[in-house]
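Just below is one structure, and these are the notes that go with it.
Residue numbers (our numbering), protein chains in the order written: chain A, 1 to 290; chain B, 1001 to 1312; chain C, 2001 to 2241.
Listed below in structure tokens is the structure:
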């Protein structure tokens, strides 16, 4: 039955979820929004991050978010390496679209299958002090396992925004998406800038993976749920807009949460698809697009 | 080779298939052959859009499963015969292709690709919730007594031979026609093609519809093959990866590529599933796909072409 | 000049990119058989205007008429079939096809050939432009100027009534520029109206009967090459105050 309490809880949960979705989407906002590289394998890297957190947590009892932070340098290097291969094989030859897409899809597939070979298809989860606790604000329950990832997600969004607008390399990244010639004249190497940006995107995946497994258990195929979400958010928010990513994430989070509460959880994936199609049909430039 | 020559070869191949059906071998061989030929249809169908037009469809499972589930729905409602199932499975999947194309093909190609991926996930959710066709529990088909042939294994095998031949013929005809040339132009440079008079949107929609149609055709007999149809195996990511890998390995610019890729990779996989785990099998497919995309993007037919040109 | 009898009538065309006004009610009429030069500093809107005329971009205001017919809503490929053909600043050849096959596409789609004429027509064009020996090569094997020539040849294969040449000579040597100019003159003699967008002033002034100057999305001057050279507004646009 309909009750305002239920709706209020769903909305709050949705907002918190949105903060987390922003963390997951930041990497794609960077690589697809600014670099025009369609890395559909990003969710697979997120899952990889989730499993890293799982392994560290179950073997050494490390807090998942700590693991996520610790692994960012490694993921950065992986991202930089992947971009180099992509650049050398496709971008330089000017054949990005078809082959690049297939390349990343292949990567996604390899990561997912490798994980299921190693860890099987059982759900994996982590244990931490704050999972399972919640606080009550005026009748609305706020679970810590949602709150903490949301806060970290917001922090990541802010950090990326500051990086892009205030630092030299960040501004170079913004520049490389608009005018490569000017960038060269400034003495910056576009390929190097793009490598850094891509590496950062994958590094973000490490941390968001840790957040993911904090919120709910994962299996290797969880990445597929996020492909639709991540691109729905990136399109809705507007390619290249970090603020737009955040807004779109929250919209998606709330929509999914309401849908799940009112119609059942199995429809929540259809929400992201629906939003994606709607955005593409009505306003492909997104809410804040360039 | 003119169209008459191609038709002669086609009939000969079908004849060969019928002959093979007369051999007294282990029925498993026929089932394995069915799977490989099914992949010929899938890879060829995928390539009409992916290789000829350059638009990557990640949602092959959606179209394939739609063919299978349309069959189930029609069987439940009308006990429709197999030819009707195949035709309708194709039509419904073709319509899906047209629809998704109409929604996304006016934008950059990558949005079409993402939409097709999300399509698979959503369609699977819909089917899981639709009990008429079995839902999550699955649907069991009891095969009626086999008409004409010795066994269902043989019938299905020969059916797939026919479907594979037809699909390849259609793809070849498209490739060599003005449509094929227009598709190649828009694949090479869509903006230039449009400015040279090629109606790019119309051609893209044509390709998506044909591709979807034959993917649905591949899936329509599936219930007869497996007898127990449930969503997770029908929407298997396997189909998505193989649909990409087979044309990539064989070569995407010609009809021969998907055929070679399907036969090679499909046969290898059939042998592999007996010896190694299916997951390791999948992993190898993924690695082979990435290696080919990076190192030999024009596939085997492309390598042969390069060798010939180097020698000339 | 009145709009009646104009081959191409650009009537108050406006184009915005977000908040940026790229074209501000630009009006230009082109007579049949004319050689029109379109010049202006970088960012003045020349290529945007061409994109609007060819149909690559939709307009935000105004109309475009071709041979008296309103084509503002027509998609690009249909405009090509009517006879508006453009070449690209950065050549966009069909890389998987030979030079000859590259011409086959417009011959087949934009100017449907009478049976059997297709191959002959393409070779004639290649001969005229000097690419005959490269007919069976892929674009990857062509030099810079050969690519530009291919771009022009492809445009010619579409049997244009109006040819828009977008900076076909950028980066070419003096001799190569003359080469291209000769081809364009010959095309004009055959009755093809030509709009030339160029930064190489020598070429524009030699080629054009009339020159239109754009600056920041506005038409700021129009006249014979001699008049334009002396025009103060044009000088200001290019050199600043």
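Each residue gets a CB set at the ideal place from its N, CA and C atoms; glycine is no exception.
* **Proximal residues, the stretch 1275-1304 of chain B versus chain A, C-beta separation under 7 Å** => 1279, 1280, 1282, 1283, 1286, 1287, 1289, 1290, 1293, 1294 and 1297
* **residue 2028 of chain C vs residue 2212 of chain C beta-carbon contact at 7 Å** => yes
* Within chain B, partners of residue 102 of chain A - CB distance below 8 Å -> 1056, 1244, 1248, 1289 and 1293
* Asked: With C-beta atoms as the reference, is residue 1164 of chain B less than 7 Å away from residue 1048 of chain B?
  -> no
* To do: State the Cα-Cα distance for the pair residue 252 of chain A and residue 233 of chain A, rounded to the nearest angstrom.
  => 7 Å
* To do: Spell out whether any CB of chain B is found under 7 Å from the CB atom of residue 2227 of chain C.
  => no
* Three-state secondary structure assigned by DSSP to residue 189 of chain A -> coil
* Going by alpha carbons, who is nearest to residue 1159 of chain B out of B:1029, B:1203 and B:1037? -> B:1037
* To do: Would you decide whether residue 2136 of chain C is buried or exposed? Buried here means 16 or more other CB atoms lie within 10 Å of its CB.
  => exposed
* What is the DSSP secondary structure of residue 2027 of chain C, counted as helix, strand or coil? -> strand
* To do: Measure from the alpha carbon of residue 2020 of chain C to the alpha carbon of each residue in C:2075, C:2047, C:2216 and C:2138, then state which is nearest.
  => C:2216
* Interfacial residues, the stretch 34-46 of chain A to chain B, with Cβ spacing under 8 Å -> 38 and 40
* Taking 7 Å as the CB-CB limit, is residue 270 of chain A close to chain B? -> yes
* Using a threshold of 7 Å, state whether the C-beta atoms of residue 1250 of chain B and residue 1302 of chain B are closer than that. => no
* Asked: Would a C-beta distance cut-off of 7 Å place residue 143 of chain A and residue 134 of chain A closer than the cut-off?
  -> yes
* **residue 17 of chain A: first and last residue of the uninterrupted alpha helix (DSSP H) it sits in** => 4-28
* DSSP three-state call for residue 1051 of chain B: helix, strand or coil? -> coil
* Only counting runs of 4 or more residues, tell me where the alpha helix (DSSP H) segments fall wholly within the stretch 128-154 of chain A, in order along the chain. => none
* The alpha helix (DSSP H) with residue 1173 of chain B in it runs from where to where? -> 1152-1176
* Whole angstroms is fine: what's the gap from residue 2163 of chain C's alpha carbon to residue 2195 of chain C's? => 6 Å
* Three or more beta-carbon pairs under 8 Å between the stretch 1074-1094 of chain B and the stretch 64-73 of chain A, yes or no? -> no
* **Buried versus exposed call for residue 54 of chain A [16 or more other C-beta atoms within 10 Å across all chains shown]** => buried
* Taking 6 Å as the cut-off, is the CB of residue 2065 of chain C close to at least one heavy atom of the ligand SAH? -> For the structure depicted, the ligand SAH is absent and the ligand set is empty, with no information on it obtainable.
* Closer than 9 Å at the beta carbon, the chain C residues around residue 1181 of chain B -> 2097, 2101, 2104, 2105, 2108 and 2109
* **residue 1113 of chain B: contacting residues in chain A (beta-carbon distance under 7 Å)** => 101
* To do: Taking only beta carbons into account, state which residues of the stretch 1196-1214 of chain B come closer than 8 Å to chain A, listed in chain order.
  => none
* Have a look at B:1157, B:1291 and B:1192 and flag the residue whose alpha-carbon is nearest the alpha-carbon of residue 1035 of chain B. => B:1157
* For residue 2200 of chain C, which residues from the same chain have a beta carbon less than 7 Å from its beta carbon, with the 5 sequence-adjacent residues on both sides left out? -> 2169 and 2177
* Asked: Using DSSP with H/G/I as helix, E/B as strand and the rest coil, what is residue 2131 of chain C?
  -> coil
* Taking the continuous beta strand (DSSP E) assigned at residue 2213 of chain C, which residues delimit it? -> 2210-2215
* Burial state of residue 1119 of chain B, where buried means 16 or more other Cβ atoms lie within 10 Å -> buried
* Starting from residue 1296 of chain B, follow its DSSP beta bridges and name the residues at the other end. => For residue 1296 of chain B, which the question treats as bridged, DSSP gives no partner whatsoever.
* Asked: Is DSSP giving residue 1196 of chain B helix, strand or coil here?
  -> coil
* Asked: For the stretch 45-62 of chain A against the stretch 210-218 of chain A, are there 3 or more C-beta pairs whose distance is under 8 Å?
  -> yes
* **Below-7 Å beta-carbon distance, residue 175 of chain A vs any chain B residue** => no
* Asked: Taking 7 Å as the CB-CB cut-off, is residue 1062 of chain B touching chain C?
  -> no
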